[in-house]
Each structure stands twice: as structure tokens, then as C-alpha cells.
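One structure is given here, and the rest of the page talks about it.
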């Protein structure tokens, strides 16, 4: 079962996104959220990533133009 | 008359005059007539179109107009890929029916030009992410090796279709493992090309920066034949580049093969996994390769990066429909895509920064080895009843610890999967062969060499084998 904090965090984020769902489905989505959030936070930890360039690039000329 | 198992054999038989494309296609359609109601391979069949195309192929070949190895070959297309002959549904009630209507995806146009006989659109997970939802009006894809089990996904129908002889090759897409997982569970080969090797134009996106289009077929060589047909820029997909192949090698003699065990042998792995993997490594060594134990850099980070990038990109694509048509999505689609609403824009960019770091670390790794091998999954195909949650819905999250594919989507390197044995329950086990970016020739050479001394890829499931020897 997700914690109350997990449920309220996920509910708030989904509401901001524009989605409102029932408590049963919210519990499914919120289950394990803290663990996922911790994994996302670890993406900021490796020293090598501190000044890394993202795998994203904008092109001034759009595709096909 | 024996129906060939592989594209390679069928192409030769067509040219030898021992079979016609119409006979091949009828045999494939017969398999669908017999087994598809149970197997759930097709969302749409194009029987009349396929037989007309097959007849055309026979006439062209007889006249000396040879379009290449796919000419006259029955071929399946995952239903997130546009094809003019029918609608694209993404196995969803939500996708606008006008999407892709009357148009061919670049890869479809290319195999059509090569003379392939497309027999229909194959089942997928909803939008390539949502597990089967029995409340929605779509077939449940099943595994020919045991219909009580899942064929894998999201290219479910393509994997099951090749394994059951409903076509000889087909298209899948791979964002977290969706070519490699069904190929593994169904006991066939599958190739996720390098990101940017094959254009994604005309494919419903899941993760823009992660999606790969590629083939599933019986053999590594069959995958090569399809890749050679579909690779290269189309002027539409900005990610697709005209990268040259790295130099191929003629034999494995002296080639260094990285062997990855860390993270790939969990406690609940099938008992046959370790001996099957060891035997595969030994087979490569007997072919002259030099196995070297290695670890993969940033393993955990790349699994997270795949999840963050995929869900963020999918949430952006689906937001409007999620707000207005939440209940029309499969339950697991909306639960997974919703994760994209829970992470921040900064998290998304950080995932993309971390992907760059891991890519660079892997370049160093591939400076010391020519290819890397590891299991595709710790187990065989799971039974559907083990994937059902307390509310009776299919929950795929239980698989996350036993499937070893998303790392490679995050870094974008090509990966070939080939069968390497069977579980204690007689379900296929699979070997991943990863290469450097744009090193498809290398991994295909490893796979072809391996399949030259093993026959796991030629094993067929007894459940659907009746028509394989049609006479």
C-alpha cells in the first residue's frame, strides 16, 4: 500500500496535469512512487553528469524544410 | 511440400522454383485460419491484398524482375505502424482513426518496394505500453509455446506470428524492449537497430528519443535482410542518419566478446538460465571468440532514464486524451504514462544528460570488446495468471526485475536477440548481443555464427506446428 504522502503527492501532480481519478486507481499509481522518486534523484548524483550535455538538440531548420 | 521456416530458405526456394509466393502466402494464411482465434496475432488481415501481391511477386520473379530477398515473403506489421491498406489503431480506442489513414510508414513503403507480401496488422500493447485489458475490445495475444503465457510485448503479435508461421518476418518497435522481449519469449530472433539507423516516420510515437523500428524473424540472417531493406534516412525523421556500417568481420576468431553477468541472474531466474548462457558463451569461444567478463556502466541510471524519458515523452503526446478520455485507455497504459506527469522538466533533461554520460562510458567499453552478450530475460514467458493484480487487471511491473532490455534503449546501441535454449518448463530462453553504435554488422555476424552451430532458432512450438509440414 502506498503511504499517505505518496498518495497526496501523486494526486497533486496528476491534478496539476489535468487528470482526476478515483482513490483505488490513485493507490495503484502511487504505489512505489517514493522508490521511483529516489531513483530519479540518483540521476543527479554521478560526478560525470555535473557538466554533461543532454541528449537533446534543437535544430534551426525544421525537418523536411 | 515443406514450408520454409526462414526468409533465407524461402527466398532460395522461390528462386529454385520449389515453391511459389502464393503457396507461401496461402500456408501463412492457413496458419492464421487455424490458430489466430486462439493466438491473437492479428488485429487486421489483408488476405485478398496479400494473395494479389503474392501472385504479382510470382509473375515478376518468373519474368526475371527480382526485387531482392523479401520478394514474395509473407510479412507482418505491428499495428502502431501506418499502412495504406488499413487503419492503424495502436490497439487503442483513443487513437484518431484519421491518423496515418491511406499512408505507408517509410519502413512499410520500403518493404513493399522490396516485394514483401504484407498479410496484416499485428497486435501490440496499447500504444506499445499498455498490457492487455479485458474490458477493451481487442484480442489477447498468446504465446505459441504455451497459450497460457504472454508472448511478450509490445510487439506481441509480430513475435507470436513469426513463431507460429503466420508470416516469416515482421516489424516491431522497441522503446524499453518491445522487439527483444517478444522475440525472446516466442523463441525467435529480433534486432533493435541503432537509434537513428531506421526512420520512425509513420510510427505512432511512444518515446520520441527512444523509439526504434526493427525486424523480428527466425534467424539473425533474416533480420539482416530486413534491416538492409529499411535502413537509411527518409528526409522526414530528423533522428535518422546515413551512418555507414562498421567493417564486418568474416569470423569470430580473436574477437573479444564482453560477457555481462552482474544484474542478469536474480534469485528467481530460471534454473536453466545459467547453463544455457554458459553454453552460449562456450559456443562463441569454440568459434574462436575471446570471452571477457565485463560490467555495464550506469546500469541503474539507464533503467531510470528510460522510464523518465519514455513516460515524459508519452505524457506530452497523450495529455489531451488522458484528460478527456482517461477511461478509454487501458488501465496499465494510463498508469504508466501518468508517471510522466510526476517528474519535472528538470528531471527529464537530467535523464537525457545521464544518457549522454552512459553513452560516452560505453564508447570506452566498446574500445575493449567487439560485442557484449547477456541474457534477455531471467525467465521464460510468464503465465498470464501470474501477471494479474488483485483487481483482475494485467500488471506488468512484476517483470521489471527479470527483463534486461531498457538499458540499451537508453544508450541507443544496437542489440540482436537470439534463442539460446529452454527453461525447465520448455519455454524459450534468449541471448542479447549488443554492439557499438551503428555496429549492426558486427552483432549480426556474431548471431549468424552462433546460429551456424546451434539450432535453437529453428525450434518450433508444437502447439502451432501442424501446418509447418503442410502438403
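Protein chains in written order, with the numbering used here: chain Y, 181 to 245; chain X, 6 to 476.
Even glycine gets a Cβ: it sits at the ideal position worked out from N, Cα and C.
Below-8 angstroms beta-carbon distance, residue 191 of chain Y vs any chain X residue: no
C-alpha distance - residue 458 of chain X paired with residue 369 of chain X, whole-angstrom precision: 31 angstroms
C-beta neighbour in chain X for residue 208 of chain Y, strict 8 angstroms: yes
Cβ shell of residue 90 of chain X (< 7 angstroms), same chain only, five flanking positions each side left out: 51, 54
Chain X contact residues for residue 240 of chain Y, given Cβ-Cβ distances below 7 angstroms: By Cβ distance, chain X contributes nothing, its closest Cβ being about 12 angstroms from residue 240 of chain Y, past 7 angstroms.
Pick from X:312, X:40, X:174, X:335 that is closest to residue 74 of chain X, judged by C-alpha positions: X:174
Neighbour flag for residue 240 of chain X against chain Y, beta carbons, 8 angstroms: Yes, contact with chain Y.
Contact with chain Y by residue 150 of chain X, beta-carbon distance below 8 angstroms: Residue 150 of chain X does not count as touching chain Y.
Limits of the unbroken beta strand (DSSP E) element including residue 79 of chain X: 79-83
Which listed residue (X:424, X:121, X:137, X:140) has its alpha carbon closest to that of residue 284 of chain X: X:424
Closest Cα partner of residue 25 of chain X within the set X:76, X:42, X:114: X:76
For residue 374 of chain X, the three-state DSSP class (helix, strand or coil): Residue 374 of chain X sits in coil when the DSSP states are folded into three classes, being neither helix nor strand.
Of the residues X:162, X:381, X:226, X:217, the one placed nearest residue 4 of chain X, counting alpha carbons only: Summary: the structure shown does not reach residue 4 of chain X, with chain X confined to residues 6 through 476, and so no result is reported for it.
Local Cβ density within 10 Å of residue 231 of chain Y, reported as buried at 16 or more and exposed below that: Answer is exposed; the Cβ neighbour count stays below 16.
Complete beta strand (DSSP E) runs within the region 203-238 of chain X (minimum length 3 residues, chain order): Runs of beta strand (DSSP E) with 3 or more residues, each lying fully within the region 203-238 of chain X, are found at 217-222, listed in chain order.
Local conformation of residue 297 of chain X per DSSP, three classes: Reduced to three states, the DSSP call for residue 297 of chain X is strand.
Proximal residues of chain X, C-beta to C-beta of residue 233 of chain Y below 8 angstroms: 358, 361
Neighbourhood of residue 181 of chain X by C-beta distance below 7 angstroms, restricted to the same chain and skipping five residues each side: Once the five neighbours on either side are set aside, the close Cβ partners of residue 181 of chain X are 311, 315, 410, 411, 414.
Cutoff 8 angstroms; reference residue 475 of chain X; Cβ partners in own chain excluding five residues on either side: Low per-residue confidence applies at residue 475 of chain X: pLDDT is 41, beneath 50, and the placement is therefore not dependable, though the value from the model is reported in the following sentence. For residue 475 of chain X, where only same-chain residues beyond five positions count, the Cβ hits under 8 angstroms are 6, 8, 32, 35.
Limits of the unbroken alpha helix (DSSP H) element including residue 282 of chain X: 278-291
Same chain only: Cβ atoms within 7 angstroms of residue 472 of chain X, ignoring 5 sequence neighbours per side: Low confidence applies here, because residue 472 of chain X scores a pLDDT of 44, under 50, leaving its location unreliable; read the following figure in that light. Closer than 7 angstroms at the Cβ level, and outside the excluded window around residue 472 of chain X, lie 32, 35, 36, 39, 170.
Whole-Å CB distance - residue 303 of chain X paired with residue 154 of chain X, under 8 angstroms assumed: No, residue 303 of chain X and residue 154 of chain X are not in contact; Cβ-Cβ is about 32 angstroms, not under 8 angstroms.
Same chain, Cβ closer than 7 angstroms to residue 264 of chain X, neighbours up to 5 away in sequence not counted: Apart from sequence neighbours up to five positions away, the residues of its chain that approach residue 264 of chain X with a beta-carbon distance below 7 angstroms are 286, 296, 297, 298, 299, 378, ordered along the chain.
Proximal residues, the region 115-147 of chain X versus chain Y, C-beta separation under 7 angstroms: Contact residues of the region 115-147 of chain X toward chain Y are absent (C-beta to C-beta distance below 7 angstroms).
When X:246, X:454, X:394, X:322 are compared against residue 100 of chain X, the one with the closest alpha-carbon: Of the candidates X:246, X:454, X:394, X:322, the one whose C-alpha sits nearest the C-alpha of residue 100 of chain X is X:322.
Simplified DSSP assignment, three categories, for residue 57 of chain X: In this structure, DSSP gives residue 57 of chain X a helical state, which the three-state scheme calls helix.
Where residue 475 of chain X sits in the DSSP three-state scheme: In this prediction, residue 475 of chain X has a pLDDT of 41, which is less than 50 and means its spatial position is unreliable; what the coordinates show is noted afterwards. Residue state, collapsed to three classes: coil.
Chain Y contact for residue 369 of chain X (CB, 8 angstroms cutoff): No, residue 369 of chain X does not count as interfacial toward chain Y.
Beta carbon of residue 391 of chain X nearer than 8 angstroms to that of residue 275 of chain X: no
Endpoints, beta strand (DSSP E) assigned at residue 424 of chain X: Per DSSP, the unbroken beta strand (DSSP E) holding residue 424 of chain X starts and ends at 420-427.
Contacting residues, own chain, Cβ-Cβ under 7 angstroms from residue 313 of chain X (five flanking each side not counted): Same-chain partners within the cutoff: 348, 352, 353, 356.
Three-pair Cβ contact test at 8 angstroms for the region 192-212 of chain Y versus the region 337-348 of chain X: yes
CB contact check: residue 309 of chain X to chain Y, cutoff 8 angstroms: True, the Cβ-Cβ gap to chain Y drops below 8 angstroms.
Per DSSP, cross-strand counterpart(s) of residue 88 of chain X: Secondary-structure assignment with DSSP links residue 88 of chain X through a beta bridge to X:91.
Residue 134 of chain X - containing alpha helix (DSSP H), residue span: Taken as a continuous stretch (DSSP letters only), residue 134 of chain X belongs to no alpha helix (DSSP H), as it is neither H nor E.
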